[in-house]
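Protein chains in written order, with my numbering: chain L, -2 to 308; chain E, -2 to 308.
Protein chains: 2
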Amino acid sequence: MDYVAGVDLGGTKILTALADTGGNILARIKVATKAADGPAAVIGRLVDSVRQVAAGVPLAAVGVGSPGPLDHTTGLVYHSPNLGWRNVPLGEMLRERLGVPVFVDNDANLAALGECVRGAGQNESHLVYVTVSTGIGGGLILDGRIYHGSAGGAGEIGHMILDRDGPLCSCGRRGCLEALASGTAIAREARELVARGGGSGLRRLEPGAITAQTVAETARQGDAAAAAILRAAAVNLGRGLAGVITLLNPRVVVVGGGVMASGPAFLATAREEAARHAYGPAWERVSLVPARLGGDSGVVGAVALAFGTQG
Amino acid sequence: MDYVAGVDLGGTKILTALADTGGNILARIKVATKAADGPAAVIGRLVDSVRQVAAGVPLAAVGVGSPGPLDHTTGLVYHSPNLGWRNVPLGEMLRERLGVPVFVDNDANLAALGECVRGAGQNESHLVYVTVSTGIGGGLILDGRIYHGSAGGAGEIGHMILDRDGPLCSCGRRGCLEALASGTAIAREARELVARGGGSGLRRLEPGAITAQTVAETARQGDAAAAAILRAAAVNLGRGLAGVITLLNPRVVVVGGGVMASGPAFLATAREEAARHAYGPAWERVSLVPARLGGDSGVVGAVALAFGTQG
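Take a look at the structure:
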């Protein structure tokens, strides 16, 4: 029996799991990333987590999902704003420390792989994964494999421009999907509404407490303005997804991320809008579904990567 | 020495070529499709062309590019408005008549493959091909292979919606790239301008003679209104390509089709606009270039398909 470890390295936490040949997760550990301590300390914590979760069991390989962009062939992280890293040879350092093969890929790609092997897109060879959270990230499974593009940058659905006169995005351009439909965008719209003197329900929140989550809570309490902000974000998500569906003709689009916790209306609205905007023949073949693994999609994908499910 | 035939089956003409193992084209024949005669007659002409071009040389295989959508695994053409076909078992009929392996794929996919193996994207594994002609079609070469999507429909860049309030598209929706940047769109804009009493240079044309080609000629004669119409189409093309580049991170985008004959300003404008709209890291890696094989990209791709270049 072979065992592997899968690691989901995030900006705030490191989630590490031990799995058997069947991909079943036998144990898991979550520790704080404390990115401010620098790459060496973070990688030390990651190594400790792997050793602890394996607890004496010999590991055949380790798969790691990291914020990118990165070189998945070597595991070199070029630049991660979330971790504050630049050119960190994560794969090489882990191989040296752990003495086993280590495979590294982008976190969104591994979440896509996780949903593909054990989640909402099980056994589908053509899957688009989108996470709607602080930002909007994406991963593509094409012909059964992670699609990286020519330089590891494929899947950046969050930076497809929907409205060139739209709000400023974190990338410096205007009207990206991320600037129109992410948690950050939802909170920004709510703050701007309150600043304009609108949004009776939202005005009851402390200005610093206006987040996508509190906007969603306010909407659930029946506030129309909060609901309209969420709805506008979902409409934009649907339009963005429609373009991807038209271009790639996937079998399933899996949507995850914190904003999905706002309730089923979010995805339902996105689906309605995507139905209107996607090319008919492509729309007929696709299912637009919520992620099934929640916070585990990345670590499940990391386990699959370690097992070489990824060709 | 093995020989193959490649066939580009179009709505108006059938282009057939004989090639050697090196992919060199040794002979070619062009005949009229005469689609109105029906599938049996058209397929008869295609078979005759293959026999004639091979002229006694034994063929190892035949590759055929056909307007789609179609099932590339069997060569069943589901529906081709250009040919007036519905559910024509093109691959099966050709295999029976020719007695050799026959591979069929979508014409835009084979044009992409042609430009990839011997054209503007030689030896590139991540290529997007777009043809801007009466309509706008596309083909994707991802990880060195034609990407078909889950049901053969990948690459429909022409039906990505850029402006939901835009002009009506042939597909029945509004604001598709095809409705904003194709030859048909250019001619429509020119006709509408003339109908509104504008376009001094364009008004000199007979109403029935307003085509993308005559608009381009009028622009070359210094007419500002005609140039502005071409420019607007190119700007929209650039925006559409930017989304594809952001999502797929290709190494090269090859643009072909009749509208490219309007002059180098068309692609230059599209490039400027794409540079503004594409995600920075993806834009840094991509070249946006004109097709190099002209009307031959499809038949060259068909030859490559016959040789199994397509995995």
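The beta carbon of each residue, even a glycine, is placed where N, CA and C say it ideally should be.
query                                                                                                                                             : result
Residue closest to residue 62 of chain E, alpha-carbon to alpha-carbon, out of E:96, E:166, E:115, E:77                                           : E:77
Contact list for the segment 69 to 84 of chain L against chain E, Cβ threshold 8 Å                                                                : none
CB contact check: residue 98 of chain E to chain L, cutoff 9 Å                                                                                    : no
Residues bridged to residue 100 of chain L [DSSP beta-bridge criterion]                                                                           : L:60
Residue 164 of chain E versus residue 56 of chain L: straight-line alpha-carbon distance, rounded                                                 : 59 Å
Status (buried if at least 16 other CB within 10 Å, exposed otherwise) for residue 261 of chain L                                                 : exposed
Where residue 102 of chain E falls, given that 16 or more other Cβ within 10 Å makes a residue buried                                             : buried
Alpha helix (DSSP H) runs wholly inside the segment 215 to 270 of chain L, at least 4 long, in chain order                                        : 221 to 245
Same chain, Cβ closer than 6 Å to residue 322 of chain E, five either side skipped, listed in chain order                                         : Chain E is shown from -2 up to 308; residue 322 of chain E falls before or after that span and cannot be answered.
Residue 25 of chain E - containing beta strand (DSSP E), residue span                                                                             : 22 to 29
Buried versus exposed, by CB contacts within 10 Å (16 or more), residue 308 of chain E                                                            : Caution is warranted here: a pLDDT of 38 is assigned to residue 308 of chain E, below 50, making its placement in the model unreliable, and the coordinate value is therefore given only provisionally. Exposed: under 16 other Cβ atoms inside 10 Å.
Uninterrupted alpha helix (DSSP H) stretches inside the segment 138 to 168 of chain E (no shorter than 4 residues)                                : none
For residue 209 of chain L and residue 315 of chain L, the rounded distance between their alpha carbons                                           : Only positions -2 to 308 of chain L appear in the structure, and residue 315 of chain L is not among them; the question remains open.
Cβ neighbours of residue 82 of chain L in the same chain (closer than 6 Å, five flanking residues each side left out)                             : 36, 74
Residue-level contact to chain L via CB, residue 11 of chain E, 9 Å cutoff                                                                        : no
Residues of the segment 227 to 252 of chain L whose Cβ lies closer than 7 Å to any Cβ of chain E, in chain order                                  : 239, 240, 241, 243, 244, 245, 246, 247, 248
Contacts around residue 196 of chain E, its chain only, beta-carbon distance under 6 Å, and the 5 residues preceding and following it disregarded : 190, 222
Residue 134 of chain E versus residue 255 of chain E: straight-line alpha-carbon distance, rounded                                                : 12 Å
Short CB-CB distance (under 9 Å) between residue 283 of chain L and chain E                                                                       : yes
Residue 185 of chain E - DSSP class collapsed to helix/strand/coil                                                                                : helix
Min CB distance residue 139 of chain L to chain E below 9 Å                                                                                       : yes
Alpha-carbon spacing of residue 120 of chain L relative to residue 225 of chain E, whole angstroms                                                : 49 Å
Simplified DSSP assignment, three categories, for residue 128 of chain L                                                                          : strand
Residue 40 of chain E: first and last residue of the uninterrupted alpha helix (DSSP H) it sits in                                                : 36 to 51
Stretch-stretch touch, CB-based, cutoff 8 Å, three pairs: the segment 138 to 153 of chain E with the segment 242 to 253 of chain L                : yes
Neighbour flag for residue 267 of chain E against chain L, beta carbons, 9 Å                                                                      : no
Test: residue 142 of chain E CB closer than 9 Å to a CB of chain L                                                                                : yes
Where the beta strand (DSSP E) through residue 3 of chain L begins and ends                                                                       : 0 to 6
Any C-beta of chain L under 9 Å from that of residue 187 of chain E                                                                               : no
N- and C-terminal bounds of the beta strand (DSSP E) containing residue 193 of chain E                                                            : Careful: residue 193 of chain E lies outside any beta strand (DSSP E) and carries neither H nor E.
Pairwise C-alpha distance: residue 8 of chain E and residue 85 of chain E                                                                         : 15 Å
Residues that residue 279 of chain L contacts on chain E, provided the C-beta gap is smaller than 7 Å                                             : 150, 153
Residues of its chain near residue 279 of chain L, where Cβ-Cβ distance is below 6 Å and the 5 sequence neighbours each way are ignored           : 242, 243, 246
Where the beta strand (DSSP E) through residue 287 of chain L begins and ends                                                                     : 284 to 287
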